[in-house]
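First up is the structure itself, then whatever we jot down about it.
Residue numbers (full-length UniProt numbering), protein chains in the order written: chain A, 1 to 257; chain B, 1 to 282.
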């Protein structure tokens, strides 16, 4: 336990030290707050502008989570299809890789073209960007299920659907939740990206507007809010993962004999 | 498939009242993997018949096709030629309720022992029908009674990784028996255990068998295990496998574990041993 405490203490010190160094260097080197504002200034801006920032935070959260939810539904459905059929896997794989290798910034203009600027392209970008890791992980989880586990149900005369529900999907859950951690972060990136390019709402848009008005400390305030939101989303899904798939990460607990 | 095979499959395969039919019948069943030059015969055409309540042990050198027979009976594998009849119908018809225990316990790691053992009740009719209503009541009591019988009643809510190898094999037996199978298939379920645990589980297995009297097909390479548990022993030849000896074990049940060190028993297992040594060298 002391090791865990020490690590927690050290990583907290590192974060605090990082901001302290930033603050001190800015003062010592006399850096203009138009180039790099001090953390204390950013904090003040965040505090005073919070009422204005809050709806934008909600907007970004909404775009992220909505797009992410759509991405999860589509990703799981595609993953199950691709993972349960060897032929579907082989046929669909090149196309999936092709889609995944498109830089997602490139799809934003297309979504804007189709749906105009605003929430819709942000949601769709968040969706598109997170589908692939989910598909790949669900498919891998299903495709690597030990045949022995499936045989247990087959000898009982279970149908394909019963095997999928009772063996395949639970077996794929650790892969699924691992991919969710990645996917939620990607969705967040996608939503902010789209807001930056084409929206009048959201933290991405706030930063864009603030930057063109030389409100530098507001730009940095947005950046820090984004970092906090990203960490929070990641933490939620890490926690969920640990709760749901603890059986796969039981660590080195000694077996009762 | 040749025309005469499909013609044979279309015939009524067995007659007489259901309970008069043998529990299991292999009619010239064979298994060949691959084709042409690369074909590998896993099982040469085999005849085998088991009456209801039989406890048959199948012994032989490794790779002789013992497990292949189990896979045929449980319909994990289809015969290349011939017929596999379970309860008078082809294996895929699932005429008899089958319980199977593999060499690896294969407990699902995300379920507790209780949930694992309950799995057959979730899949197999008629239990499946009332699974939702009974899983918290009658079914759980049944699982707990079984666990009690094998000495695991305190481990129902443990996860598989919290149990030792011997405990997992006991759970494995429970899962194979929970849906009261007519036909129990055991694929070397005691193979990976130490001698003491193994003898202990033989005794548990004997009690479970005598309580319920299912038809049991046990695949093993342990001659003492075969002699202690079974009332009939079939010896298979080396690959491609074929049954070369089929003898009853005329010792009344229940048998005492100490019996396996008696002269008569040793003589019987020695006879089997020599037989297998012969077929391995030829």
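Here a beta-carbon is modelled for each residue, glycine too, at the ideal position from N, C-alpha and C.
**OP:** Could you tell me whether the Cβ of residue 120 (chain B) comes closer than 8 Å to any Cβ of chain A?
**Re:** Closer than 8 Å: yes.
Original post:
Does any C-beta atom of chain B lie closer than 8 Å to the C-beta of residue 47 (chain A)?
Top reply: No - not a single Cβ of chain B is within 8 Å of the one on residue 47 (chain A).
Original post:
Taking Cβ to Cβ, would you say residue 133 (chain A) is nearer than 8 Å to residue 179 (chain A)?
Top reply: Pairing residue 133 (chain A) with residue 179 (chain A) gives a Cβ-Cβ distance under 8 Å.
Subject >> Delimiting residues of the beta strand (DSSP E) encompassing residue 30 (chain B) >> reply: Counting along the chain, the unbroken beta strand (DSSP E) around residue 30 (chain B) starts and ends at 24-33.
Subject >> With 16 other Cβ atoms within 10 Å as the buried cut-off, status of residue 190 (chain B) >> reply: It counts as buried.
Original post:
Going along chain B in order, which residues have a C-beta closer than 7 Å to the C-beta of residue 155 (chain A)?
Top reply: Under the 7 Å cutoff, chain B gives 74, 76, 98, 100.
Original post:
For the segment 187-205 of chain B, which residues have a beta carbon sitting closer than 8 Å to at least one beta carbon of chain A?
Top reply: The segment 187-205 of chain B vs chain A, Cβ under 8 Å: nothing.
**OP:** Starting from residue 98 (chain B), follow its DSSP beta bridges and name the residues at the other end.
**Re:** B:183, per the DSSP bridge assignment.
Subject >> Buried/exposed call for residue 42 (chain B), threshold 16 Cβ in 10 Å >> reply: Counting C-beta atoms within 10 angstroms of its own C-beta, residue 42 (chain B) has 16 or more neighbours from the protein chains shown and is therefore classed as buried.
Original post:
Taking only runs of the alpha helix (DSSP H) that begin and end inside the segment 86-133 of chain A, which ones reach a length of at least 4 residues, in chain order?
Top reply: Taken in chain order, the complete alpha helix (DSSP H) segments of 4 residues or longer contained in the segment 86-133 of chain A are 86-101, 108-115.
Original post:
From what residue to what residue does the beta strand (DSSP E) around residue 232 (chain B) run?
Top reply: Start and end: 232-236.
Subject >> is_contact[residue 159 (chain B), chain E] using C-beta, thresh 8 Å >> reply: Here the protein chains are A and B, and chain E is not one of them.
Subject >> Cβ distance (whole Å) where residue 84 (chain B) is taken to contact residue 95 (chain B) below 8 Å >> reply: Between residue 95 (chain B) and residue 84 (chain B) the Cβ distance is about 11 Å, and since that is not below 8 Å, they are no contact.
**OP:** Measure from the alpha carbon of residue 52 (chain A) to the alpha carbon of each residue in A:234, A:211, A:202, then state which is nearest.
**Re:** Just measuring C-alpha positions, the residue of A:234, A:211, A:202 sitting nearest residue 52 (chain A) is A:202.
Original post:
Within 10 angstroms of its Cβ, does residue 38 (chain B) collect 16 or more other Cβ (buried), or is it exposed?
Top reply: Counting other Cβ atoms within 10 Å of its Cβ, residue 38 (chain B) stays below 16 and is therefore classed as exposed.
**OP:** Throw me the rounded Cβ distance for the residue 67 (chain B) and residue 219 (chain B) pair, which I believe falls under 8 Å.
**Re:** Rounded to whole angstroms, the Cβ separation of residue 67 (chain B) and residue 219 (chain B) is 6 Å, and the two are in contact under 8 Å.
Subject >> Start-end ranges of the alpha helix (DSSP H) lying completely within the segment 165-240 of chain A, minimum 4 residues >> reply: For the segment 165-240 of chain A, whole alpha helix (DSSP H) runs of length 4 or above, ordered along the chain, are 169-197, 203-212.
**OP:** Measure how close the beta-carbons of residue 247 (chain A) and residue 131 (chain B) come, nearest whole angstrom, since I'm counting them as under 8 Å.
**Re:** 22 Å between Cβ atoms; not a contact.
Original post:
From the beta carbon of residue 137 (chain A), is the nearest beta carbon of chain B less than 8 Å away?
Top reply: Interface annotation, residue 137 (chain A): not in contact with chain B, CB-CB separation never under 8 Å.
**OP:** Using a threshold of 8 Å, state whether the C-beta atoms of residue 23 (chain B) and residue 51 (chain B) are closer than that.
**Re:** The answer is yes: Cβ separation under 8 Å.
Original post:
Which term fits residue 269 (chain B), buried or exposed, when burial requires 16 or more other beta carbons within 10 angstroms of its beta carbon?
Top reply: Under this definition residue 269 (chain B) is a buried residue.
Subject >> Beta-carbon gap between residue 241 (chain B) and residue 36 (chain B) smaller than 8 Å >> reply: Result no, Cβ atoms of residue 241 (chain B) and residue 36 (chain B) do not sit closer than 8 Å.
**OP:** Would you list, in chain order, the members of the segment 192-225 of chain A that have their beta-carbon closer than 8 Å to a beta-carbon of chain B?
**Re:** Cβ contacts with chain B come from no residue of the segment 192-225 of chain A.
Original post:
Can a CB atom of chain B be found closer than 8 Å to the CB of residue 3 (chain A)?
Top reply: Cβ-Cβ to chain B under 8 Å: no for residue 3 (chain A).
**OP:** Return the residues of the segment 33-46 of chain B that lie within a Cβ-Cβ distance of less than 8 Å from chain A, sorted by chain order.
**Re:** Residues are counted here when their Cβ sits less than 8 Å from a Cβ of chain A; for the segment 33-46 of chain B the count is zero.
Original post:
Among A:45, A:22, A:47, A:44, which residue has its Cα nearest to the Cα of residue 36 (chain A)?
Top reply: Residue 36 (chain A) has its Cα closest to that of A:22, out of A:45, A:22, A:47, A:44.
Subject >> Classification of residue 50 (chain A) by the beta-carbon crowding that lies within 10 angstroms, buried from 16 upward >> reply: Exposed, because fewer than 16 other Cβ atoms sit within 10 Å of the Cβ of residue 50 (chain A).
Original post:
Which same chain residues, not among the five before or five after residue 247 (chain B), have their C-beta less than 6 Å away from its C-beta?
Top reply: So the qualifying residues of the chain are 233.
Original post:
Are residue 71 (chain A) and residue 183 (chain A) close, meaning C-beta to C-beta below 8 Å?
Top reply: The answer is yes: Cβ separation under 8 Å.
**OP:** Could you spell out where the alpha helix (DSSP H) holding residue 259 (chain B) opens and where it closes?
**Re:** That residue, residue 259 (chain B), is in no alpha helix (DSSP H); it is neither H nor E in DSSP.
**OP:** Kindly list, in the order they appear in chain B, the residues whose Cβ is closer than 8 Å to that of residue 158 (chain A).
**Re:** Near residue 158 (chain A) (Cβ distances below 8 Å), the residues of chain B are 123.
**OP:** Give me the Cβ distance between residue 143 (chain B) and residue 173 (chain B), rounded to the nearest whole Å; I'm assuming they're in contact under 8 Å.
**Re:** Rounded to the nearest angstrom, the Cβ distance from residue 143 (chain B) to residue 173 (chain B) is 13 Å, too far for a contact under 8 Å.
Original post:
Sorted by chain position, which residues of the same chain lie with C-beta nearer than 6 Å to residue 253 (chain A)'s C-beta, five sequence neighbours on each side aside?
Top reply: Residue confidence is low: residue 253 (chain A) scores 39 on pLDDT, short of 50, so the model does not pin down where it sits. No coordinate-derived value is stated.
**OP:** Report yes or no: do three or more beta-carbon pairs, one from the segment 254-263 of chain B and one from the segment 197-209 of chain B, lie closer than 8 Å?
**Re:** Under the 8 Å Cβ criterion, the segment 254-263 of chain B counts as touching the segment 197-209 of chain B, having at least three qualifying pairs.
Original post:
Within the chosen definition, does the segment 155-172 of chain A reach the segment 101-112 of chain A through at least 3 CB pairs nearer than 8 Å?
Top reply: No, because fewer than three Cβ pairs between the segment 155-172 of chain A and the segment 101-112 of chain A fall closer than 8 Å, the two stretches do not touch.
Original post:
If you measure from the beta carbon of residue 94 (chain B) to each beta carbon in chain A, is any gap under 8 Å?
Top reply: Interface residue, yes.
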